[in-house]
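In the numbering used here, the protein residues as written are 60 to 350. Heads up, the thing below is written out as structure tokens.
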Amino acid sequence: MTTAAPTTSTLTGVPALTPLLARGALLSPLRRPRPDADFPRARLVLPGLRVDLARLAAYERACGFPTGADALPPTYPHVLGFPLAMRLMSGRDFPLPLLGLVHTSIGITRRAALPATAEYELTVYVEGLAPHRRGTEATVVTEVRAGADLVWESRSTYLARHRTTARPPAAGEDPAGERDPLPARAEWRLAGDVGRRYGAASGDRNPIHLHPLTARLFGFPRAIAHGMWTVARCLAEHGTPDAAVVRAEFRAPVLLPGTVTYGAEDGRFELRGAREGRLHLSGEVAPYPAA
60 MTTAAPTTST LTGVPALTPL LARGALLSPL RRPRPDADFP RARLVLPGLR VDLARLAAYE
120 RACGFPTGAD ALPPTYPHVL GFPLAMRLMS GRDFPLPLLG LVHTSIGITR RAALPATAEY
180 ELTVYVEGLA PHRRGTEATV VTEVRAGADL VWESRSTYLA RHRTTARPPA AGEDPAGERD
240 PLPARAEWRL AGDVGRRYGA ASGDRNPIHL HPLTARLFGF PRAIAHGMWT VARCLAEHGT
300 PDAAVVRAEF RAPVLLPGTV TYGAEDGRFE LRGAREGRLH LSGEVAPYPA A
């Protein structure tokens with residue numbers, strides 16, 4: 060199979076999310092995901108980006124971050140880059156169906172605090188595809204530069220579930236799923252409109268997060284919280300140094316409304332169901348560079 064050479068496309072504005080989501084939904088039934096499929100090699104670059112401070116404040120309120128500080132929350136650059144990622148993943152040359160795509164993990168490196176009033180350049184690209192025990196996983200990279208300096212980057216993995224010959228993990232191969240709960244630090248009662256409030260602030264209005272009726276169309280009994288809301292809410296509680304490395308894995312959906320327990324210890328954090336103890340999210344925060 061011949062692969063296309065990498066290209067760079069410079070954008071003049073932020074892509075509109077709604078038509079991209081609609082296009083991705085329409086093309087999803089045509090996808091035949093597999094780990095050896097070709098994928099888009101384009102790097103999308105958006106220079107001269109300035110943050111909408113009103114939208115930032117709405118995001119901070121939705122996720123529990125303090126408002127008014129001249130610094131972006133550690134997860135906010137993901138929101139800035141999300142429309143570019145959706146442009147790539149809704150394109151005709153992206154091999155995984157956008158509908159049903161599951162955000163499974165995110166790794167963030169923040170090299171310094173990012174002033175909210177500064178100007179940035181965004182770059183987003185698909186790094187590759189890989190086999191997963193439940194299907195095929197794509198890695199999408201987002202980079203933020205201030206001038207020539209790379210100040211923030213992330214790697215997100217997205218899973219398209221399909222039949223595979225990969226073996227399931229053996230007992231003991233998933234220690235995060237088996238370990239004892241972290242010490243409980245807080246219990247949060249999540250209202251049914253968490254997904255709508257986060258969607259309005261972030262622009263991610265996936266129907267599985269908005270209403271029970273639309274969530275049922277995709278196999279969920281109720282609306283579920285955005286994975287990026289859960290990690291942002293945990294980081295708002297936990298705190299992060301100006302230069303930090305964050306890693307989070309999304310283990311199981313959080314149904315809305317619902318009650319979850321936030322646990323943390325020694326840089327690790329997690330969300331579990333308050334009643335049954337089911338692990339929804341596990342993560343950790345460390346200084347950058349590592350000591």
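Note that the Cβ used here is the ideal one computed from N, Cα and C, for glycine as well. Remember, predicted model here, so these are calculated numbers, not experimental data.
S341, buried or exposed, once every other Cβ within 10 Å from all chains shown has been counted against 16:
With 16 or more other Cβ atoms from the protein chains shown falling within 10 Å of its own Cβ, S341 counts as buried.
For P92, which three-state DSSP category applies?
Correct three-state label for P92: coil.
R220 to R334, Cα distance in whole Å?
Per the coordinates, the alpha-carbon of R220 lies some 28 Å from the alpha-carbon of R334.
Kindly indicate the opening and closing residues of the beta strand (DSSP E) around F328.
Here the beta strand (DSSP E) through F328 covers R327 to G332.
Which residue's Cα is closest to the Cα of R109: G72, T77, P78 and R248?
Cα-wise, what sits closest to R109 is G72.
Could you spell out where the alpha helix (DSSP H) holding Y135 opens and where it closes?
Where Y135 is concerned, the enclosing alpha helix (DSSP H) stretches over Y135 to M148.
I want to know whether the region 167 to 177 touches the region 202 to 217 - three or more CB-CB distances under 8 Å.
As far as the Cβ criterion goes, the region 167 to 177 touches the region 202 to 217, which means the pair count is three or higher.
Rounded to a whole number of angstroms, what is the C-alpha to C-alpha distance between R114 and A260?
Between R114 and A260, the C-alpha separation is close to 6 Å.
Helix, strand or coil: which one does DSSP assign to T289?
Residue state, collapsed to three classes: helix.
If you measure from the CB of F277, is any heavy atom of the ligand GDP nearer than 6 Å?
This structure does not include the ligand GDP; it has no bound ligands of any sort.
Roughly how many angstroms lie between the CA atoms of A282 and G107, to the nearest whole one?
Computed Cα separation, rounded: 36 Å.
E296 to A75 span [Cα, whole Å]
Those two C-alpha atoms are separated by around 31 Å.
Just checking, does the region 139 to 156 make contact with the region 174 to 184 on the three C-beta pairs under 8 Å criterion?
Enough Cβ pairs lie closer than 8 Å, so yes.
Roughly how many angstroms separate the alpha carbons of E308 and V290, rounded to a whole number?
So the alpha carbons of these two residues sit roughly 9 Å apart.
Any idea what DSSP makes of Y184, helix, strand or coil?
Strand, per DSSP.
Using a Cβ-Cβ cut-off of 8 Å (strictly less than) and excluding sequence neighbours within five positions of S149, which residues of its own chain qualify?
Closer than 8 Å at the Cβ level, and outside the excluded window around S149, lie L79, L80, R82, G83, L86 and L157.
Rounded to whole angstroms, how far is the Cβ of H162 from the Cβ of Y118, which I believe are closer than 8 Å?
By a beta-carbon distance limit of 8 Å, H162 does not contact Y118. Their separation comes to about 17 Å.
Same chain, Cβ closer than 7 Å to F124, neighbours up to 5 away in sequence not counted:
The residues are P132 and A295.
Does the region 270 to 288 come within contact of the region 241 to 260, defined as at least 3 CB pairs closer than 8 Å?
At 8 Å Cβ cutoff, the stretches touch.
What are the boundary residues of the alpha helix (DSSP H) that includes A311?
Taken as a continuous stretch (DSSP letters only), A311 belongs to no alpha helix (DSSP H), as it is neither H nor E.
Candidates R306, G258 and R248: closest to R331 by CA position:
Checked all of R306, G258 and R248; the closest Cα to R331 is R248.
Neighbour-count burial assignment, P154, 16 or more Cβ in a 10 Å radius:
Counting Cβ neighbours within 10 Å, P154 comes out buried, since at least 16 surround it.
How big is the Cα-Cα spacing for G258 and M145?
If I take the Cα positions, the gap works out to 15 Å.
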